[in-house]
């Protein structure tokens, strides 16, 4: 049904999914007791005022007394016009808090994603190339090691060794450091290493199994007959078909890891990133901030899936758009 | 390159594979040669080692697990002793290869045009447009309709026959001097088969190439071969000019092969028995276990030397050797259109089979 | 009645500590939303009836079986001789007699009237290692010495406060010591008589420790001024005439009279154990060894501008780490200790206390004759940043009248100025008259004010715009501080902390009081407070010198004490560790009645838990036993032993 | 090298097909019913009749107390026994074939051994060892064969030699700050891990399979809706949702398992759907359809067993994810701290890493091995159970 229509269908579907998730979050949070209202009640009581009336006023102030659907509609309006309200626990607009935190998360997640997307398939194809040799076992061993070791456990040990004992890396994360400076690279080296070992395993395994099949395909013999060098054969003829199935799992894997792993690495290496922002927002029951961060992750997840679908069809020409 | 020297000369080619249960010799000391402008056919049942032989010439066989010995002189240079980097220059540029199953032969992720120009651009420093132009006109030449638009289509958008045409274009884009065609038409239906064969024939003249054609289909051999080499279980049974062999096949195996063809007066029956186990081939003549004229001598020692039984025709069979009685085997009268009906010579002499 | 603001006691509280008067010290870093409130109990002064004078505690009449137990006026439970299975059993049996349900001992196990073992639960702060270990130790001791089966449960501080500790204020009347008492204005911490309960039932908890106000014990009436004080979540009905003793103390016009009045109060509290008192744990703080200035005293860090590293010249930076993020740096609304420290770097308050707890004027000097009328003399060299000009008395008076005393703005200090008459008496002088005299008023920290420019606040006051005031950029980023702080706030990164640069025109340099190093203060080019969640990272930063100071957990005191690149200081704190037992109707879920309401039973519990073992085991000896509502080093401690 | 002709999973046994009418249950199902019934009765008795604090087996004197989670765990164990262990015993030839394939992969065998230990430890451990006791005075004892500077532990159980306190066999893996024996806590942690592994897989498998096969066979717009629903489930930020639900309604191992498995079956459903679509194209399905087999029988008899090999593989690869998630939550201090899981132990010991590393290393390494073992097992199962893949890469 043509690439254009297919893309719009997927984009629309992505919007619907994000709306559904946002609604579920809204319902979950509106069911929770709102700490601000409680705080107002205690405040009033302590000043000899009537706590019930103060709670009512606080609820009014925050518009909590309007019927649910009214609150829901202007909530949705705010969401999609990017006015995500004021974060009480950080004393700054939610949007600013999210962008500020994103600035730090990006500094380690971009190199992490790039490395995983590049190294994963490379190591996978390399170990498939010399299947069952010691190189293959070493690579699979490394992939499984990274995948199996809990990243926070690995993090605190590395931090102890390289930070406290060897003093190669700073223990606390310095925000004042310019982004592209050596100092910033040093302080992000270990977190990125921990994250990459964690995510490379899954990608590597998939690419190894997939490329193993393509390795003995007939078109490889044709390529050899054409005089194509082994390196070029792998780089072009094996890599691209491998990326097709990989792309479906790759995005899913990275998204799943993105929130969980990043949160823990941020806690261990005290990086003021998005993961920690979400976690602290929840602890402080800061409703606006929780919704803001959830929205962000939802959009990331939804866009991720969208990219996954599009990439899949672009990479593998055999897939026609009708039967997707 | 001296004129009298053949384009390709293969001597004592042996290819072994080390597998879980012992080494397997697919090709056991085979010699043949191809001259420019000539089409040599290697004939044999599947599993006779004919494909392995052709793929050993340019070391397409992966070594390990394969081991290739012997000499393959192409234009005077022994390819087997060349380093891989130099051999790679020859593949696709000087010696081209087309394979049996066109469906799988191309990478589904790249356009047909890209895959053709790749063969050219890795060898010669040619700009993209030039390469595209050459590829398009070659596609046209091999019979692909409106080639310039089809250049950017993907393999799954071509039929089997068209794919084989593309493969041919891909092989010829580097102006090779030797084309190895490994059963290119077996996977195609008969009508397309004929077109492809005629195409190959025309192209051979146009590109003045030597063609080494591998097939098990004697019909195809009859149509395009100049000389044929009959292989069985890794060894050459008989070689010679196509017409001589069809008229008077020397080796019992060739005879039986020809009998399988109805249009050659054969009864269309298959050959009894199965191929020997390549892990430990029988002593003496490889065909002895299935040969009706087999005698004690056939089953001992090495494969008999090839003896010239007629000008340009050699047979590796004990009966033609010293002290043997060729009349047992040599049976006249088997030729195109002659339906003497009797299968073989005076059968009462040799024991039917032991 | 002075009102208190509740805020958390952040465990990295160390240098330049601002002593916020807090009625509630969370034994953990969970921030509890600031809620300050008023005393609310219209205590009408003792009516002179000579109710049971608490102190006599003589046993005799209700002697249980076994040798009769002689309790002195100031009994010290939990240490020899008042510790152990026998003492606990005797006291418990006294409680059984008083209770109308016949609980009893079946061998070593305490059994309910139906015959099954008494089972209680105890809550501790989730995620706090020391709190969990203490709870488990208590469970073990009560099991061995009183045969009670205690289950330990973890809970998050905020949820405990909302569901268990506080309740919807209802009021009501009940008879206490034979008198009719009505709860006129109930508070969430004292919602009414024992029949009024929190949403969830609970027996015991060590989630919260409370402040014992050693500087001005009068504030403790907030807990024990009869049955209807502002803060009584456990529903304790004092059996001694607390209201009368506290009103006598209020008449005191000198510290000796005050001490005299309080000895009796604290002896009664020791005897009746409203909360089972356990210990006072000290703050253990590690410092960069070549840092000159930190002292092992309650007012550690008051002279921060005089601190220096290596040479007493202006150099280097002073970096500290804290575990909890700052919710806000807006001085008007901040109720967090951690954020208080961050603000203090860039903005001084009215006054502070030096190492021998004497008043030390910063922005203004306070003086009084009768303890009722106080005059504030504001220094004349104080400047706000442009365009707000010089600091005058008008700024302070406007701040008190238009903000703290206005009911539309829930500022943190509003509870401190309730019922105080304020009047400007000169360009740099103003007067405050209290409802009743309080010679130690400064020590209650109530009159402690932040200098806030009038012109900055005025627009919000006119529209009564609370949210605008809370979200004002200048207040949040402390851009108005001029020469009023040792440093200037350069950046507040919400996620990672604050950074400062030295304030070159700091007013303190040209005052004559205080150490002479003040003339150069502060002696650091920069300062920073970084938020590091992971305790291992905070300690690692201290060891490698990345941080100049950090709090050390008790179990690592030993190893850091011997570590030569860290000097360790033990800073005493007024926060106690207590077991709150629920006297209210939804307490004591093991069977009929509620034994917690009976004094001898609480005494039995206090006697069943060895304070010394707890201190050695969990706190590694870095705490002192806690018998009554005052730390041993307080002026008002009933005994002057050692 | 054709594999020797063995009785293949997909062999159509005609008489078996005709005999298995709707109510004629195989002995596996009968066994399952016979054992599950008493369990449910006990469960009802324990929750309804006994007070919150009295132990379930009090009536027979045992003071073991079974929580609702334990009942569900035992139920899944029964399920695994009757439908996994027994069938392997019932057709030995196939088992031998799979074992031969499986044995070739050495690491998989080692990991199977390790998982066996964890499984047995998890089941038997809590019965024979009493729960970890806190003794404050023996905090920070080093593991046996190791020593630590004698200021770390309050008192040293082992002997002190020139300023260093040595570990003893009494606490083979040392003790935590509160004096709890690390070894006992690891054994108790095994039960938790097994519970997580079994219960989540059961939930995910049941929902995933039923959803997958249903949507594959329903086809048309039903299939479309179901698959769109799976899309939504897959793009849900599960970790975040759990944090949200946890914070409002309180954490508990049960809540953790329920929430995580409710969000995790998306992948399995999608996988099963594609698998059953491809299987239903196979000729023998059409053959059995022609012979009158109903959709239920086709699914029950052919699709599920055939997909079984890939389901098992897929599930074994899901388990590590759950174990890791539980440990992550415990590390964040959100998990249910009453639950003695490995994650809790790591979280408890993390600030003592510099001077008492064994508290963190022991559970960390055990968790690492268990996750690794599940991975290897999953991979090996992929090769062993998947005949097509085997043939393909021949």
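Chains as they are written, first to last, in our numbering: chain A, 1 to 324; chain B, 325 to 678; chain C, 679 to 1320; chain D, 1321 to 1714. Where a beta carbon is used, it is the ideal one built from N, C-alpha and C, also for glycine.
Alpha carbon of residue i to alpha carbon of residue j, nearest angstrom
{"i": "residue 333 of chain A", "j": "residue 17 of chain A", "result": "No answer is possible for residue 333 of chain A: it lies beyond the span of chain A, which begins at 1 and ends at 324."}
{"i": "residue 1011 of chain C", "j": "residue 1004 of chain C", "result": "12 Å"}
{"i": "residue 1432 of chain D", "j": "residue 1693 of chain D", "result": "7 Å"}
{"i": "residue 985 of chain C", "j": "residue 969 of chain C", "result": "7 Å"}
{"i": "residue 1250 of chain C", "j": "residue 1518 of chain D", "result": "51 Å"}
{"i": "residue 864 of chain C", "j": "residue 991 of chain C", "result": "55 Å"}
{"i": "residue 72 of chain A", "j": "residue 92 of chain A", "result": "23 Å"}
{"i": "residue 538 of chain B", "j": "residue 1702 of chain D", "result": "39 Å"}
{"i": "residue 1515 of chain D", "j": "residue 1390 of chain D", "result": "8 Å"}
{"i": "residue 634 of chain B", "j": "residue 640 of chain B", "result": "13 Å"}
Residues bridged to residue i (per DSSP)
{"i": "residue 397 of chain B", "result": "B:333, B:402"}
{"i": "residue 1485 of chain D", "result": "D:1468, D:1480"}
{"i": "residue 1056 of chain C", "result": "C:1042"}
{"i": "residue 295 of chain B", "result": "The structure shown has nothing for residue 295 of chain B, since chain B only spans 325 to 678."}
Buried or exposed (CB count within 10 angstroms, at least 16 for buried), residue i
{"i": "residue 1114 of chain C", "result": "exposed"}
{"i": "residue 68 of chain A", "result": "exposed"}
{"i": "residue 83 of chain A", "result": "exposed"}
{"i": "residue 1491 of chain D", "result": "buried"}
{"i": "residue 1215 of chain C", "result": "buried"}
{"i": "residue 1409 of chain D", "result": "exposed"}
{"i": "residue 1300 of chain C", "result": "buried"}
{"i": "residue 1668 of chain D", "result": "buried"}
{"i": "residue 296 of chain A", "result": "buried"}
Residue closest to residue i, alpha-carbon to alpha-carbon, out of the options
{"i": "residue 1116 of chain C", "options": "C:896, C:1227, C:1304", "result": "C:896"}
{"i": "residue 1506 of chain D", "options": "D:1451, D:1456, D:1351, D:1541", "result": "D:1451"}
{"i": "residue 811 of chain C", "options": "C:1126, C:1093, C:1295, C:1139", "result": "C:1295"}
{"i": "residue 341 of chain B", "options": "B:359, B:382, B:390, B:335", "result": "B:390"}
{"i": "residue 1617 of chain D", "options": "D:1628, D:1627, D:1605", "result": "D:1605"}
{"i": "residue 599 of chain B", "options": "B:459, B:558, B:482, B:329", "result": "B:558"}
{"i": "residue 1537 of chain D", "options": "D:1601, D:1509, D:1480, D:1630", "result": "D:1601"}
{"i": "residue 980 of chain C", "options": "C:1158, C:1199, C:1288", "result": "C:1199"}
{"i": "residue 523 of chain B", "options": "B:605, B:465, B:437", "result": "B:465"}
{"i": "residue 963 of chain C", "options": "C:1239, C:1025, C:1306", "result": "C:1239"}
{"i": "residue 566 of chain B", "options": "B:424, B:349, B:552, B:576", "result": "B:552"}
Please go through the region 242 to 310 of chain A and give each complete alpha helix (DSSP H) segment of 4 or more residues, from N-terminal end onward. 274 to 283
Length-filtered (4 minimum) alpha helix (DSSP H) runs lying within the region 1633 to 1713 of chain D: 1662 to 1669, 1678 to 1705, 1707 to 1712
Runs of beta strand (DSSP E) lying entirely within the region 833 to 857 of chain C, each at least 3 residues, in chain order: 850 to 854
Run through the region 1501 to 1561 of chain D for me and flag every whole beta strand (DSSP E) of 3 or more residues, listed as ranges in chain order. none
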